[in-house]
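To convert a position in the sequence shown, counted from 1, into the numbering used here, add 2.
We put the beta carbon where it would ideally sit given N, CA and C, even for glycine.
All values reported here derive from a predicted model rather than from experimental measurement.
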Amino acid sequence: MSIRVYRNAAIHTGEVGAPPAQAMAVDGELLIAVGTEAEVRAAAGPGAELIDLDGAAVLPGLYDAHIHTAQYAQSLGAVDLRDVRSLDEALALVKAHAARLRPGAWLFGGRWNSNTWNPPAQPDRYALDSVCPDIPVALPNVDGHTVWANSAALRLAGIDASTPDPVGGEIVRDASGEPTGILREAASYPLRALMVSPDLRDLLRAAQEELLGLGLTSVHDIDGEDCRAAYLGLRDAGELKLRVHKAIPMVHLERAIAEGRRTGQGDDWVRTGPVKIFSDGALGSHTCHMSESFAGEQGNTGIAVTPYEDLVALFSRAAGAGIAVATHAIGDRANLLVLDAYEALGHTPGLRHRIEHAQHLRPDDLSRMARLGVVASMQPVHCTSDIDLVDSLLAGHELASYAWRGMLNVGVALAFGSDAPVEHPNPFAALYAAVTRTRTDGTPVGGWQPEQRLSMAEAVTAHTLGAAYAAGEEERKGLLTPGRLADFIAVDTDPYRESPEAVLRTKVLTTVVGGDVRWRRI
3 MSIRVYRNAA IHTGEVGAPP AQAMAVDGEL LIAVGTEAEV RAAAGPGAEL IDLDGAAVLP
63 GLYDAHIHTA QYAQSLGAVD LRDVRSLDEA LALVKAHAAR LRPGAWLFGG RWNSNTWNPP
123 AQPDRYALDS VCPDIPVALP NVDGHTVWAN SAALRLAGID ASTPDPVGGE IVRDASGEPT
183 GILREAASYP LRALMVSPDL RDLLRAAQEE LLGLGLTSVH DIDGEDCRAA YLGLRDAGEL
243 KLRVHKAIPM VHLERAIAEG RRTGQGDDWV RTGPVKIFSD GALGSHTCHM SESFAGEQGN
303 TGIAVTPYED LVALFSRAAG AGIAVATHAI GDRANLLVLD AYEALGHTPG LRHRIEHAQH
363 LRPDDLSRMA RLGVVASMQP VHCTSDIDLV DSLLAGHELA SYAWRGMLNV GVALAFGSDA
423 PVEHPNPFAA LYAAVTRTRT DGTPVGGWQP EQRLSMAEAV TAHTLGAAYA AGEEERKGLL
483 TPGRLADFIA VDTDPYRESP EAVLRTKVLT TVVGGDVRWR RI
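In structure tokens, the structure reads:
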């Protein structure tokens, strides 16, 4: 392969204080020169292939530090209830989608939010049975921590009035003790085990085109072992176009250890990531683990999905086998217990442990997080989506919420992502949220808790080098400097020079992974 020179661009390398470069030379998958066009062409030699980027702004490839790519791939062809505003509207969409399914198929999708329905209504299985009496339906809510199932799905999962609540979960029941079809946290796991798409490799092949078109060149995938197998199949067939740092589900930890998997193992296309463990639930499901009750719900402090003693044991088991830990924690009590467990674990050389979401912490725990070297893997759009929920459910709590500025100020490493399909995977929406702390309509004016805003440079770093650091890949990704992978994007909006509102509307023009153009806007 000849050396390629990408030229005629404002290239932001990601290095602090470095001026934009004009050109880059790529040999194979690696950058070999970055600088002025004259410097780069001299380094590349006379036989280099020239590729003109037409004056675009260039950034390091964006890296999503927390995304469920299998669920996202499935959602592209599933029923989408995000925008419905009533139970009747939700049922009409479910019925219409069911009519298009083949016999025996599951009905996937969801992302409903009954908090926004008019009138507010907690749905049940009988409502789904009225439009889908025969095919199994399992619909996660918007935060993914509650599943709305019909009777057919409950039967397949073996859930009935005699089924006890599992540790870390709740089967919601009616006055007679019958399951209503609402399953919270661990109670939904039997259904999730059944919700497997036989064509996942095909779905991921299509989904990667969507992600590349959004400017993503790497992902930390948080889905299951079927997703890992599909990605390995795509890699081996030469069909994988974006890089995958693949997490291990907690339920497969022992198998992963038996197979000798270790965090960082693999190649530049598919590497083993951390084990994913749940400490609590989510705010929207009223299941995140808090120190105080939710406003108006005396006695409800959420759910400890994994008890503290089990966290300590799991952390030790994973780290002892060379596997880093990524722990979901949203409530302040959950974050406190996870930090306690990381502190009890002690120093684990070569492993970077993380808290996924880290949404609401006690203010004093920010500095402890920094001292322990725990990475904050956060999703900026969660902040702007949850403003009303936080103000209503956590009123009066003394918290550091979505405290990006506070974390950076004390030395916590930030890694940004989307949590798609909970939120849309567009990273430019995340950058906008991080620097404005407003919704896309500009509210609240001035931003919600604006003292926690970031600069655009800090937000871009969290979505590039920060995510690479969380994976232990900062020597390979996250900056455009010689010796690193040639993963970059050309965009129509320069985030360092234009307004956050303009950045929100950014269109990706070209996505390059490993020196090759993997996606181009037509």
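Asked                                                                                                                                                                 : Found
Going straight from the alpha carbon of Leu64 to that of Ala258, what length do you get?                                                                              : 28 angstroms
At what residues does the alpha helix (DSSP H) containing Tyr498 begin and finish?                                                                                    : From DSSP, Tyr498 is part of no alpha helix (DSSP H); its letter is neither H nor E.
Run the proximity test for Gly283: is its beta-carbon closer than 7 angstroms to any non-hydrogen atom belonging to the ligand SAH?                                   : Ligands displayed in this structure: none; no statement on the ligand SAH is therefore possible.
With the cut-off set at 8 angstroms, would you say Gly333 and His291 are in Cβ contact?                                                                               : yes
How is the beta strand (DSSP E) around Gly215 delimited, first residue to last?                                                                                       : Careful: Gly215 lies outside any beta strand (DSSP E), inside the alpha helix (DSSP H) at 202–215.
Report the three-state DSSP secondary structure of Glu477 (helix, strand or coil).                                                                                    : coil
Using the Cα positions of Pro121 and Ala25, report the straight-line distance between them to the nearest angstrom.                                                   : 57 angstroms
Strictly by DSSP, which residues pair up with Ser220?                                                                                                                 : Tyr65, Arg245
Taking its Cβ as the centre, do 16 or more other Cβ atoms sit within 10 Å of Gly413, making it buried, or is it exposed?                                              : exposed
Considering only the beta carbon of each residue, do Val424 and Gly146 sit closer than 8 angstroms?                                                                   : yes
My output table needs one value for Glu172: the three-state DSSP class, helix, strand or coil.                                                                        : strand
Where does Gly444 land, buried or exposed, given buried means 16+ other C-beta within 10 angstroms?                                                                   : exposed
Which runs of the alpha helix (DSSP H) fall wholly inside the stretch 376–461 and span at least 4 residues, in chain order?                                           : 382–387, 389–395, 406–412, 429–438
Please determine, among Arg157, Ala72, Ala323, Tyr344, the residue with the shortest C-alpha to C-alpha distance to Asp136.                                           : Arg157
Of all the alpha helix (DSSP H) runs that stay within the bounds of the stretch 84–161, which reach a length of 4 or more residues?                                   : 89–100, 127–133, 153–159
To which residues does DSSP link Met26 through a beta bridge?                                                                                                         : Tyr8, Val36
Report all residues from its chain with a CB closer than 6 angstroms to the CB of Gln267; omit the five preceding and five following residues, and keep chain order.  : Thr274
When DSSP labels each residue in this structure, what does Phe296 get in the three-state scheme?                                                                      : coil
With distances taken between CB atoms, is the gap from Thr483 to Val81 smaller than 8 angstroms?                                                                      : no
If I'm right that Ile250 touches Arg263 with Cβ under 8 angstroms, what's the distance once you round it to whole angstroms?                                          : 7 angstroms
Roughly how many angstroms separate the alpha carbons of Val42 and Leu52, rounded to a whole number?                                                                  : 11 angstroms
According to the Cβ coordinates, are Val144 and Gly286 closer than 8 angstroms?                                                                                       : yes
Quick one: grab the DSSP three-state call for Asp228.                                                                                                                 : helix
Please check the pair Val367 and Leu339, which I expect to be a contact at CB under 8 angstroms, by giving their CB distance rounded to whole angstroms.              : The residue asked about is misnamed: residue 367 is Asp in this sequence, not Val. No, Asp367 and Leu339 are not in contact; Cβ-Cβ is about 11 angstroms, not under 8 angstroms.
So, is Asn428 buried or exposed, given that buried needs 16 or more other C-beta atoms within 10 angstroms?                                                           : buried
How about Thr513 and Thr495: are their beta carbons less than 8 angstroms apart?                                                                                      : no
State whether the stretch 128–135 contacts the stretch 162–175, with contact taken as three or more CB pairs (one from each stretch) at a distance under 8 angstroms. : no
Mapping DSSP to helix, strand and coil, what is Ala45?                                                                                                                : helix
Is the beta carbon of Glu39 closer than 8 angstroms to that of Arg6?                                                                                                  : no
Can you give the Cα-Cα distance for Gly324 and Thr265, rounded to whole angstroms?                                                                                    : 6 angstroms
Between the beta-carbon of Tyr344 and the beta-carbon of His359, is there less than 8 angstroms?                                                                      : no
Identify every residue that forms a DSSP beta bridge with Thr15.                                                                                                      : Answer by DSSP bridge pairing: none, since Thr15 is not bridged.
Distance check for Ala461 and Asp176, CA to CA, integer angstroms please.                                                                                             : 46 angstroms
With DSSP collapsed to three states, give me the class of Glu31.                                                                                                      : coil
Between the Cα of Phe110 and the Cα atoms of Arg486, Leu78, Met252, Leu89, which residue gives the shortest distance?                                                 : Leu78
Should the stretch 470–488 be regarded as contacting the stretch 10–18, the criterion being three or more beta carbon pairs within less than 8 angstroms?             : yes
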